[in-house]
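Residue numbers are given in UniProt numbering: position 92 of the sequence shown equals residue 92, and the series is strictly consecutive. The C-beta atom is built at its ideal place from N, Cα and C for all residues, glycine as well. Inspection log for the structure reproduced underneath, given as structure tokens.
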Amino acid sequence: MLRCLKFWAKRRGVYSNVTGFLGGVNWALLVARICQFYPNAIPSMLVSRFFRVYTQWRWPNPVMLCPIEEDELGFLVWDPRKNPKDRTHHMPIITPAYPCMNSSYNVSPSTLRVMMDQFQIGNKICEDVELNKAQWPALFEHYFFFEAYKNYLQVEIVAADNGDLRAWKGWVESRLRQLTLKIERDTNGTLQCHPYPNEFVDMSKPCPHCTFFMGLQRQKGVKVQEGQQFDIRGTVDEFKQDVSMYSYWRPGMDIYVSHVPRREIPAYVFPDGYKRPRQSRNTIQHTPETDAKGCMSSEERRSKRKQETHTVDVQSDKLPKRASISPQDIGSVSPASVSSRSGGSSQIITPEESLQEVKTAGLQNQSSDDKSTEDTGEQKPCISE
1 MLRCLKFWAK RRGVYSNVTG FLGGVNWALL VARICQFYPN AIPSMLVSRF FRVYTQWRWP
61 NPVMLCPIEE DELGFLVWDP RKNPKDRTHH MPIITPAYPC MNSSYNVSPS TLRVMMDQFQ
121 IGNKICEDVE LNKAQWPALF EHYFFFEAYK NYLQVEIVAA DNGDLRAWKG WVESRLRQLT
181 LKIERDTNGT LQCHPYPNEF VDMSKPCPHC TFFMGLQRQK GVKVQEGQQF DIRGTVDEFK
241 QDVSMYSYWR PGMDIYVSHV PRREIPAYVF PDGYKRPRQS RNTIQHTPET DAKGCMSSEE
301 RRSKRKQETH TVDVQSDKLP KRASISPQDI GSVSPASVSS RSGGSSQIIT PEESLQEVKT
361 AGLQNQSSDD KSTEDTGEQK PCISE
């Protein structure tokens with residue numbers, strides 16, 4: 001059962017103690033607690049009960065295999081009644097041996113939310129398996145992280161050689177959890193982060209490097225004000241300053257943080273080097289009527305459309321137009337941020353994009369006044385829900 005749950009966690013992107021999810025010890029303790037609840041159950045039932053129990057678990061109530069014991073040796077044990085720091089833990093999973101400690105202190109509100117969502121999905125699949133509506137392989141399907149969000153934060157790590165990259169990457173990866181906490185702190189929890197534990201390497205680049213990604217989304221249920229912006233430049237600068245305090249820093253070690261919309265995700269992050277084809281929303285179903293319509297003449301098709309106009313909802317298929325932005329308008333606002341004109345959208349601004357937007361605004365102001373500027377609808381970075 002433990003091997004099964006570890007495999008599931010890796011496939012769903014929630015197996016990493018460093019980035020704020022759960023590691024091997026954490027999963028072992030969770031599985032052991034389920035075995036205590038159902039000592040005579042078969043493995044398939046244990047897996048099903050695992051998701052049912054932890055979907056309904058009321059965190060931060062701790063998961064404990066045995067009562068916490070205090071010894072005369074004087075070591076500090078996990079006790080939120082005595083230690084104020086222990087009260088801040090979101091998903092306490094307590095080790096059974098003395099001194100009892102919280103093995104999952106790295107879990108943040110963001111990562112707990114992601115894991116609870118995955119527990120809900122796993123529980124639904126297990127219920128379908130019990131009703132013969134699904135098969136067990138459905139539980140272990142890959143999580144398509146790069147299709148789950150519209151906006152991402154890209155953290156690229158570079159170094160002079162592979163040895164430096166190994167050490168530098170380990171340090172930066174251990175601080176990514178702080179970046180998620182800082183972003184949610186500075187946006188009052190309105191902008192939520194989902195760090196992805198896997199790293200990616202662009203084989204076309206000669207220098208040693210690797211890249212991590214974070215999914216970004218607005219908090220569900222929060223009303224969006226028109227023109228609302230998420231300016232996280234100061235947060236990113238603070239994070240980069242913390243990372244630069246690395247004791248073993250060497251020349252060539254650097255980090256770049258930038259915002260990437262989903263449509264601009266690089267191809268090297270996908271397994272086969274290309275994006276998974278998305279199913280078209282307006283799928284054509286071949287029926288005798290549609291086949292006959294394809295054989296109609298142009299005049300017959302026009303008359304047919306006139307007769308069917310009362311049954312077609314045009315507004316439901318059209319997207320709202322984006323207001324164009326002239327060079328004068330761009331120059332009148334702050335060069336570091338261009339507010340999105342689409343209703344109900346928000347912006348994410350990172351330091352690397354600030355300099356690029358200043359250059360773009362300067363070039364556009366130098367253009368002739370009579371030359372029209374066409375809006376392509378790719379104002380970045382922005383969140384559109």
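- Sorting T55, G163, I42 and V201 by C-alpha distance to the C-alpha of F119 places T55 at the top.
- Counting other Cβ atoms within 10 Å of its Cβ, G122 reaches 16 or more and is therefore classed as buried.
- F50 and P251 have their C-alpha atoms some 48 Å from each other.
- Taking L30 as the centre and dropping the five residues before and after it, the same chain places the C-beta of L5, L22, F50, Y54, V63 and I93 closer than 8 Å to its C-beta, in chain order.
- P195: member of the beta strand (DSSP E) spanning L191 to P195, first to last residue.
- With a cutoff of 8 Å on beta-carbon distance, H209 and V201 are scored as near each other.
- With fewer than 16 other Cβ atoms inside 10 Å of its own Cβ, I42 counts as exposed.
- Taken atom to atom, the span from the alpha-carbon of P261 to that of F145 is near 13 Å.
- Nearest to G20 by C-alpha distance, out of R218, W78, H90 and A28, is H90.
- Distance check between M1 and each of G24, V18, N17 and C207 places G24 closest, using alpha-carbon atoms only.
- Note that the C-beta distance between Y152 and L191 is not below 8 Å.
- The Cβ-Cβ distance between V18 and E173 falls below 8 Å.
- Residue state for Q135 is assigned as coil, using DSSP reduced to three classes.
- Counting along the chain, no beta strand (DSSP E) covers G221, and no H or E run does either.
- The straight-line gap separating the alpha-carbon atoms of P67 and Y98 is approximately 11 Å.
- Per DSSP, the continuous alpha helix (DSSP H) segment holding Y54 begins and ends at P43 to T55.
- Every unbroken stretch of the alpha helix (DSSP H) spanning 4 or more residues and falling wholly within the segment 101-170 is given here in chain order: 109-130.
- Annotated as distal: Y196 and G74, with beta-carbon spacing of 8 Å or more.
- Where F239 is concerned, the enclosing alpha helix (DSSP H) starts and stops at R233 to V243.
- Residue environment for N83: exposed (fewer than 16 other C-beta atoms within 10 angstroms of its C-beta).
- Close CB contacts of L179 within its chain, under the 6 Å cut and outside five residues either way in sequence, are with F239 (chain order).
- With a cutoff of 8 Å on beta-carbon distance, W8 and L139 are scored as near each other.
- Annotated as proximal: I255 and V243, with beta-carbon spacing under 8 Å.
- Under the three-state reduction of DSSP, D254 is assigned to strand.
- Non-local beta-carbon contacts of A148 in its own chain, meaning distances under 7 Å to residues more than five positions away in sequence, involve G215 in chain order.
- Scanning M101, E72 and K182 for the CA closest to the CA of K85 turns up M101.
- The alpha carbon of D186 has as its nearest neighbour, out of K150, N132 and R233, the alpha carbon of R233.
- Between the beta-carbon of V155 and that of V257 there is about 5 Å, and that keeps the pair under the 8 Å contact cut.
- 8 Å or more divides the Cβ of L65 from the Cβ of R87.
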